[in-house]
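Trainee: Under the numbering used here, the letters of the sequence shown match residues 284 to 373, in that order.
Built from N, CA and C at the ideal position, the CB exists for glycine as well.
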Amino acid sequence: MGMFDNGIKGTVPSILVILGVALAAPIVLPAVAAVSRPLAKTLIKGYLALADTVKEYAAEAAEQISDLVAECQAERAQAAGTVPPEPPAA
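Structure, rendered in structure tokens:
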């Protein structure tokens, strides 16, 4: 019999908590939704701004790498004697 007593003691509070949540949900959820929508919009705007910044940095890095590769290819071709050396800058 002791096994059933402990089961009932744990079940009743659980049922009461579930009922309380079910009764409070129609009141609490609209308030949470009203707050969470502007918060979500702010987070999305921040993400978009960050994404734009990352795109700019990535484009700059790609351009620098492309320039570096072209410079190395030119130096390699010049060292191999396939391209005449460039005149010194004035």
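Measuring only the C-alpha atoms, how far is Glu339 from Ile348?
Mentor: 14 Å
Trainee: Measuring only the C-alpha atoms, how far is Asp342 from Ala332?
Mentor: The amino acid occupying residue 342 in the given sequence is Ala; Asp does not appear at that position. Ala342 and Ala332: Cα-Cα distance of roughly 16 Å.
Trainee: Using C-beta distances below 7 Å, list every residue in its chain close to Pro296, excluding the 5 sequence neighbours before and after it, in chain order.
Mentor: Within the same chain, Pro296 has no close Cβ partners at all.
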